[in-house]
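In my numbering, the protein residues as written are 120 to 376.
For glycine and all other residues, C-beta sits at the position ideal for the given N, C-alpha and C.
Here the structure comes first, spelled out in structure tokens, and everything after it is commentary.
Laid out in structure tokens, this is it:
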């Protein structure tokens with residue numbers, strides 16, 4: 120549904136995007152992923168837009184990940200097609216010409232964690248949690264985004280264990296830039312957005328691009344490597360891979376993919 124992704128452009132310079140399925144922990148459906156990519160594309164060409172904020176409705180979750188119920192009946196081909204359609208969302212956030220602020224209001228699991236990691240800044244509620252779940256079903260995610268935020272060693276620990284990173288731990292290891300009370304989260308994100316929006320637009324865009332390109336491996340190349348890796352798993356269609364993913368879904372259906 121279109122109202123599952125809220126968009127407020129009333130400020131003009133600051134676009135506020137809300138994942139609006141609090142009853143489902145803001146789990147992201149196929150249509151939501153498509154809508155998010157549309158909004159990102161629109162913002163990239165809007166002459167007034169200066170900064171983006173992404174958050175989730177309610178206080179329980181930023182996003183619990185992709186909607187597992189929607190994927191329950193996907194066969195291998197459908198799962199592959201879904202991956203091809205949705206995975207570019209994270210690349211679009213990371214490579215967006217405008218700064219993207221993730222206002223992490225609760226659990227950022229699975230795809231929610233990937234969106235947060237792809238963002239330029241992460242301001243979090245003191246109730247926030249972060250978890251990349253791919254290792255639990257035999258895959259790999261955030262290998263191209265998380266290391267530049269927390270460093271390779273901490274990133275490997277988070278990604279290899281599938282551990283839940285608490286708000287305080289995230290602040291300590293650099294995952295979260297700032298922790299605030301839930302009631303102050305959106306205003307804190309907005310104040311950061313305002314401070315950026317006041318600066319020359321082209322200069323801000325240049326800083327984002329130059330900092331990104333200063334890394335030894337570009338985001339695009341690192342993303343492509345991870346993308347190709349997951350595609351090779353899906354194309355393999357091994358029974359073992361199917362069993363691991365099915366076990367993951369059956370073990371804990373509240374966790375995202």
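The count of Cβ pairs closer than 8 Å, one atom from the segment 335-350 and one from the segment 182-198, stays below three, leaving the stretches out of contact. Within its own chain, the residues whose Cβ lies closer than 6 Å to the Cβ of residue 240, once the five positions on either side in sequence are excluded, are 220, 296, listed in chain order. Straight-line measurement puts the Cα of residue 289 at about 9 Å from the Cα of residue 298. The way I'd put it, the segment 268-280 doesn't touch the segment 212-231; fewer than three beta-carbon pairs between them come closer than 8 Å.
When C-alpha distances from residue 243 are compared across 286, 173, 175, the shortest belongs to 286. With a contact defined as Cβ atoms closer than 8 Å, residue 175 and residue 225 qualify at about 7 Å.
Taking 4 residues as the minimum length, the alpha helix (DSSP H) runs contained wholly in the segment 158-211 are 187-190, 195-205, in order along the chain.
Three or more pairs of CB atoms, one per stretch, sit closer than 8 Å, so the segment 163-171 contacts the segment 302-317. With a contact defined as Cβ atoms closer than 8 Å, residue 209 and residue 253 miss out at about 12 Å. Nearest to residue 307 by alpha-carbon distance, out of 251, 223, 327, 122, is 223.
With contacts defined by Cβ atoms closer than 8 Å, residue 259 and residue 362 do not form a contacting pair. Rounded to whole angstroms, the separation of the alpha carbons of residue 283 and residue 235 is 14 Å. Counting other Cβ atoms within 10 Å of its Cβ, residue 218 reaches 16 or more and is therefore classed as buried.
Here residue 331 has 338 as same chain residues with Cβ atoms under 6 Å from its own Cβ, once five neighbours each way along the sequence are excluded. Here residue 248 is buried, its C-beta having at least 16 other C-beta atoms within 10 Å.
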